[in-house]
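The structure under discussion appears below in the form of structure tokens.
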Amino acid sequence: MKQSRLDKFISEQTEYTRSQIKVMVKKGEVAVDGVTAKDPGMKITAGKNIVTVLSKTIGFSEHTYVLLNKPAGYVSSTDEKDGRTVMELVPENLRKKGMFPAGRLDKDSLGALLITDDGELAHRMLSPSRHIPKVYIVKLDRPFESKYINIFESGVELSSGEKCLPARVKPVENCDKLAFVELCEGKYHQVKRMFASVGNHVEVLMRVSLGGLVLPEKLAFGECMELLHKDVENLFSETDFDDFCARFSVSFSAFLINK
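For the sequence shown, this note's numbering begins at 1 and goes up steadily by one.
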């Protein structure tokens with residue numbers, strides 16, 4: 001395995017700056033394999049040496065992937081100038097430098113948002129040639145109409161004149177104002193604009209899957225979970241929209257009925 005400087009390793013795996021790390025080493029707050037470190041420039045081997053800072057073990061991973069169940073009121077940004085950002089919701093033990101939201105959800109929208117420091121994966125997810133399907137559940141102002149199904153499948157024309165790619169839409173059983181939507185692109189406010197084009201209004205929007213990665217039912221709004229490698233690979237797995245709606249209509253509709 002590749003060796004690296006102690007301060008560089010800690011900096012890459014945490015939010016500490018190198019200058020902060022040097023101060024902590026000087027104070028005796030950093031240890032390698034149980035021995036207090038004396039030199040921030042000492043060589044360590046990631047995955048072999050055990051590094052602790054303030055008695056907490058610093059785990060090694062080349063990249064970090066966090067799934068957030070985004071609540072309303074937070075922007076999908078890393079810039080605090082934009083307001084309260086989703087980065088505030090990532091627990092300290094999961095934070096690393098360079099993390100960012102891979103994709104966007106509007107400030108008032110809810111649901112699945114991937115936060116990572118893996119730029120290559122984000123590019124794969126968002127590139128037009130590989131745009132992964134995303135499923136949303138929406139609460140409408142007016143009852144769902146069956147004509148939406150064919151209109152969405154034909155490609156909705158927005159009020160701006162833009163033509164959307166074919167999409168899937170399906171009502172939720174026993175709730176005429178809830179519907180699932182599957183998109184393979186990501187235009188600005190697309191779901192809301194699509195329903196506006198057919199004379200309806202989206203009151204609440206929640207993203208419930210990214211490719212084959214489904215938002216866990218037990219992950220509450222504002223909570224995060226770190227994804228394993230197999231979970232990340234699910235982003236690019238095939239999904240069956242009809243099966244998805246049948247399996248998850250009860251659980252996900254419960255999130256929106258009282259919203």
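Built from N, CA and C at the ideal position, the CB exists for glycine as well.
Check	Outcome
Residues bridged to Ile-44 [DSSP beta-bridge criterion]	Ser-4
Nearest to Asn-93 (by Cα), restricted to the options Glu-173, Val-32, Thr-239, Glu-226	Glu-226
Per-residue burial, Ala-102 [other beta carbons within 10 Å of its own, 16 or more giving buried]	buried
Simplified DSSP assignment, three categories, for Ile-137	strand
Which of helix, strand or coil DSSP assigns to Tyr-148	helix
Meets three-Cβ-pair contact criterion under 8 Å: the region 129-145 and the region 173-187	yes
Three-state secondary structure assigned by DSSP to Asn-200	coil
Residue span of the alpha helix (DSSP H) that contains Ile-132, given as start and end	Premise fails: Ile-132 is in no alpha helix (DSSP H) and is neither H nor E.
Residue range of the unbroken alpha helix (DSSP H) whose run includes Ser-176	For the record, residue 176 in the displayed sequence is Asp; it is not Ser. Note, Asp-176: premise wrong, no alpha helix (DSSP H); beta strand (DSSP E) at 175-183.
Distance between Thr-116 and Tyr-65 (C-alpha atoms, nearest Å)	5 Å
Closest Cα partner of Arg-104 within the set Val-25, Gln-190, Ile-44	Gln-190
Residues of its chain near Lys-107, where Cβ-Cβ distance is below 6 Å and the 5 sequence neighbours each way are ignored	Val-75
Residue closest to Lys-139, alpha-carbon to alpha-carbon, out of Arg-84, Ser-197, Met-206, Val-214	Met-206
6 Å CB neighbourhood of Val-30 in its chain, flanking five on each side removed	Met-24, Ala-37, Val-53
DSSP state of Phe-241 mapped onto helix, strand, coil	helix
Rounded straight-line distance, which links the Cα of Leu-215 to that of Ala-196	26 Å
Every unbroken beta strand (DSSP E) inside the region 64-93 [3 residues or more]	65-70
Nearest to Leu-178 (by Cα), restricted to the options Thr-57, Glu-153, Pro-143	Pro-143
Burial state of Ala-112, where buried means 16 or more other Cβ atoms lie within 10 Å	buried
Strand pairing of Phe-221, partner residues [DSSP]	Beta-bridge pairing links Phe-221 to no other residue.
Where Arg-124 sits in the DSSP three-state scheme	helix
Spatial neighbours of Thr-78 in its chain, beta-carbon cut-off 8 Å, leaving aside the 5 residues before and after	Thr-85, Met-87, Met-99, Phe-100, Pro-101
Pro-101 - partner residues in DSSP beta bridges	Ile-115
Identity of the residue in Lys-192, Val-232, Asn-234 nearest Val-169 by Cα	Lys-192
N- and C-terminal bounds of the alpha helix (DSSP H) containing Arg-18	18-26
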